[in-house]
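First residue of the sequence shown? That's 5 in our numbering, and the numbers climb one at a time after it.
Using N, Cα and C, we set each Cβ at its ideal position, and we do this for glycine too.
Computed from a predicted structure; not experimentally measured.
Below is one structure, written out as structure tokens; comments come after it.
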Amino acid sequence: MAQDRRHGLTLRRLRQDPLIRELTRQVRVSHTQLIQPHFVVAGLKGREPVPGLPGVHRETPSSLVDQVGRDLEAGVSKVLLFGVPAEKRDGGFAFDFTARQIEALRQQFGANLWIAVDVCLCSYTKHGHCGVLSREQDHVVNDASVTELARQAVAYAQAGASCVAPSDMMDGRIAAIRTGLEAAGLERTLLMSYSAKFHSRFYGPFREAADSAPRGGLQDRATYQIDPTRPQDAYASSLRDAEEGADILMVKPGLPYLDILKDLSSRIERPWAVYEVSGEYGAVEALAEQGLMARAAAHVECWTAFVRAGASMIITYGARSAREWLSA
Ligand code: PBG
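Here it is, written out as structure tokens:
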């Protein structure tokens with residue numbers, strides 16, 4: 005028998021004040037889940053702001069250490085480092101500039117800092133692609149790229165990276181990197197695969213920061229990044245990368261691929277990361293800048309969606325503001 009109800013209030017009873025709302029939350033976001041990306045660029049005179057990403061800079065080696073130190077004080081103990089070398093090549097890449105920055109961070113901050121490092125060739129190649137091109141310059145050659153990427157990952161792990169994070173989307177790179185790490189005696193280095201990385205238009209501000217936009221004949225990354233219409237590929241690639249030895253899997257971008265995150269995180273039992281990429285972060289910032297969106301609450305709303313969909317960690321340009329925004 006239905007109860008005799010004097011009021012229409014049912015679900016709203018649990019929303020009536022902030023205290024009951026705190027008690028009934030199903031999902032909580034913590035600044036401890038967030039990873040702050042950094043760009044360190046060889047040959048810069050001074051740090052430069054990144055267009056579209058307020059508060060984010062292309063750092064010099066010394067400004068990087070200062071920024072990471074300030075961030076640690078703000079509660080950010082996890083970083084994702086992108087190194088941009090002075091010289092671009094077609095092959096025979098030199099990874100020493102980025103390796104030196106990893107060493108410097110490790111020396112300065114020791115075990116207080118978790119250092120993930122992006123493994124990809126797009127900031128290293130003249131053409132801006134994530135791998136090496138064929139002699140005819142008409143396609144990205146898979147296996148020759150994988151060889152370079154494995155060498156890059158081992159160099160960064162040897163320099164003291166906690167985690168290497170390949171974002172190139174070549175086939176077979178996770179197995180090659182894991183084999184390379186083991187051969188070098190680096191069995192404790194974590195491997196985070198950008199396993200479900202889509203061919204997206206939301207990477208714009210990043211490519212300015214990392215100087216990595218594709219140039220020349222092959223205009224885009226459609227032959228290696230996942231097509232937005234292909235959720236099956238995201239599953240296949242994530243499953244394969246887990247089997248090849250990835251410790252952490254990732255969906256990227258975040259909000260436009262929330263369905264993928266929800267689906268994959270329930271089907272593949274690994275820690276899931278999500279990358280809130282430059283274009284999606286910047287879109288919120290652009291509206292906030294015009295006074296059309298409440299900055300802190302809007303960012304927290306996006307992060308909440310990621311956790312709800314199954315992410316245990318979030319790579320976001322807003323990590324350094326999180327403690328402030330989450331308590332607002
Ligand atoms: C490099 C790489 C990209 C991003 C991370 N690693 C760009 C791309 O694939 O072109 C994008 C991150 C962002 O937009 O914030 N392969």
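Between Glu-248 and the set Ala-98, Thr-129 and Ala-180, the nearest pair of CA atoms involves Ala-180. The criterion of a C-beta distance shorter than 8 Å is satisfied by Val-281 and Pro-257. Contact between Ala-108 and Pro-41 fails: their C-beta atoms lie close to 17 Å from each other, not under 8 Å. Secondary structure note for His-303: its alpha helix (DSSP H) is the uninterrupted segment 299-312. Spatial neighbours of Ser-67 in its own chain (CB-CB distance under 6 Å, excluding positions within 5 residues in sequence) are listed in chain order as Arg-51. Just measuring C-alpha positions, the residue of Ala-332, Cys-306 and Arg-244 sitting nearest Tyr-321 is Cys-306. For Lys-201, the secondary structure class from DSSP, reduced to helix, strand or coil, is strand. Bridge pairing for Glu-52: Arg-62 [DSSP]. Under the three-state reduction of DSSP output, Lys-92 falls in the coil class, being neither helix nor strand.
Arg-244 and Asn-116 have their C-alpha atoms some 32 Å from each other. Under the three-state reduction of DSSP, Thr-233 is assigned to coil, being neither helix nor strand.
In terms of Cβ geometry, Gln-141 and Gly-220 form a close pair [threshold 8 Å]. Distance from the C-beta of Cys-126 to the nearest heavy atom of the ligand PBG is below 7 Å.
A heavy atom of the ligand PBG is found nearer than 7 Å to the CB of Ser-216. Within the same chain, and ignoring the five residues on either side of Arg-225 in sequence, the residues whose Cβ sits closer than 8 Å to its Cβ are His-133, Cys-134, Met-173, His-203 and Pro-218. Between the beta-carbon of Val-168 and that of Val-121 there is about 6 Å, and that keeps the pair under the 8 Å contact cut. Separation of the CB atoms of Ala-332 and Ser-269 is rounded to 28 Å, and the pair is thereby denied contact status at 8 Å. Judged by their CB atoms, Leu-57 and Tyr-285 are nearer to each other than the 8 Å cut-off. Under a 10 Å Cβ-count criterion, Thr-14 is classified as exposed, with fewer than 16 other Cβ atoms of the shown protein chains found around its own Cβ.
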